[in-house]
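In our numbering, the protein residues as written are 34 to 318. Beta carbons are placed, not taken as given, at the ideal position from N, Cα and C, and that holds for glycine. Just so you know, these numbers come straight off a predicted model, no measurement behind them.
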Amino acid sequence: MALYLIGDVQGCDPALQRLLDEIAFSPSRDTIVLLGDLVNRGPDSAAVLRRVQGYGASARSLLGNHDLHLLGVAHGARKAGRKDTLADLLAAPDSEAMLEWLRQQHMALHMQIGHGEKAGDLLMVHAGVLPQWTVGDTLALAAEVESVLRGPGLGSFLLSMYGNEPDAWHDTLTGNARLRAIVNALTRLRFCTVDGVMEFEAKDSAATAPEGFMPWFDVPGRKTARATVAFGHWSTLGWLSRPDLLSTDTGCVWGGCLSAVRIGATLDQRELVQVKCEQAQKPGK
């Protein structure tokens with residue numbers, strides 16, 4: 034059995050098919066985890082959802098900002114944008130089933146890789162983790178959002194989900210402000226301060242942090258530093274592999290590559306597999 038982590042697909046189903054062929058993915062033997070942004074900007078978001086949904090328990094998925102945007106548009110909480118490519122999915126006869134499947138997916142996932150002294154924590158999110166959150170905190174806070182997404186209050190939650198405030202985490206946050214802060218950290222975060230104040234405008238490389246900010250993963254004392262955090266979302270960061278990080282968004286929808294990382298028996302055993310994607314959108318998420 035092999036475990037593969039796959040970066041942002043964003044509706045590029047032909048590239049996903051080639052990538053799965055390249056790794057010889059077998060649903061009866063292997064597991065894939067898609068790190069969010071399955072849909073939007075690419076040519077066939079519906080095909081991506083149908084494909085992944087069809088793999089059953091062999092495919093697990095995180096929710097990214099574009100996936101939540103799709104739910105927002107579908108429930109009338111958000112207008113479709115000029116660059117969106119969601120119309121065919123929303124008009125499809127099986128759209129309700131696809132949207133229902135999507136809302137059951139995860140905001141964060143955790144696996145323990147290896148055994149004994151070589152065991153390590155693999156934490157998977159779409160965008161980032163605030164420096165004051167532990168692995169356990171991240172999973173518990175993600176579960177709060179997942180419960181709302183799967184419950185009867187989805188529509189009202191989506192209406193309140195958008196916005197940049199609060200821009201920092203406090204344990205005392207409640208209600209929609211609390212949920213919005215969790216969503217923003219897990220699906221939008223790139224840069225923050227040493228105190229965890231989030232910045233949402235900058236989208237360039239890690240070297241271009243706004244004054245007073247740094248990449249979330251470089252904050253000193255980050256409480257998830259002993260885990261390996263795998264994420265997507267940051268196409269201008271691209272592929273990055275270090276003991277505590279796996280960055281997997283290599284810009285498929287922008288004409289780059291779609292990437293999969295095979296995780297071996299321990300977290301330091303990693304194999305990168307990439308296929309070229311023909312999409313040529315302008316960069317921007």
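What separation, rounded to the nearest whole angstrom, lies between the Cα atoms of residue i and residue j?
| i | j | result |
| --- | --- | --- |
| G153 | L300 | 7 Å |
| G289 | M194 | 30 Å |
| G44 | G149 | 39 Å |
| F250 | F224 | 9 Å |
| M231 | V252 | 12 Å |
| A379 | T64 | Past the boundaries of the shown model lies residue 379; the chain is included only from 34 to 318, so the question cannot be answered. |
| F58 | V294 | 12 Å |
| M144 | A258 | 15 Å |
Ignore the nearest five residues each way along the sequence and tell me which others in residue i's own chain have a CB closer than 7 Å to its CB.
| i | result |
| --- | --- |
| K256 | P164, Q165, W166 and T167 |
| R221 | N98, A160 and F233 |
| E55 | V306 and V308 |
| G208 | none |
| D77 | G44 and D46 |
To the nearest whole angstrom, what separates the beta carbons of residue i and residue j, a pair I think is in contact under 8 Å?
| i | j | result |
| --- | --- | --- |
| W272 | T283 | 5 Å |
| L142 | R93 | 6 Å |
| L95 | H139 | 5 Å |
| L67 | V85 | 6 Å |
| L155 | A260 | 7 Å |
Between residue i and the ligand PLP, is there a pair consisting of the residue's CB and a ligand heavy atom that are separated by less than 7 Å?
| i | result |
| --- | --- |
| G114 | In the structure shown, the ligand PLP is absent, as is every other ligand, since no ligand is present at all. |
Relative to the C-alpha of residue i, which candidate in the options has its C-alpha closest?
| i | options | result |
| --- | --- | --- |
| L71 | L278, L122, A258 and I56 | L122 |
| E311 | C225, L68 and L291 | L291 |
| R74 | D127, D251 and D100 | D100 |
| E304 | W287, V106 and T281 | T281 |
| G188 | V227, V106, A210 and I146 | V106 |
Using C-beta distances below 8 Å, list every residue in its chain close to residue i, excluding the 5 sequence neighbours before and after it, in chain order.
| i | result |
| --- | --- |
| L49 | I39, V42, V81, R84 and L291 |
| L206 | P199 and A214 |
Excluding the 5 residues flanking residue i on each side, which residues of the same chain have their C-beta closer than 6 Å to its C-beta?
| i | result |
| --- | --- |
| R275 | none |
**Asked** Quick check: the segment 214-234 against the segment 169-178, are there 3 or more CB pairs under 8 Å?
**Response** yes
**Request:** Flag this pair as touching only if the segment 184-203 and the segment 239-246 have three or more C-beta atom pairs under 8 Å; answer yes or no.
**Result:** The segment 239-246 and the segment 184-203 do not touch, with fewer than three beta-carbon pairs separated by less than 8 Å.
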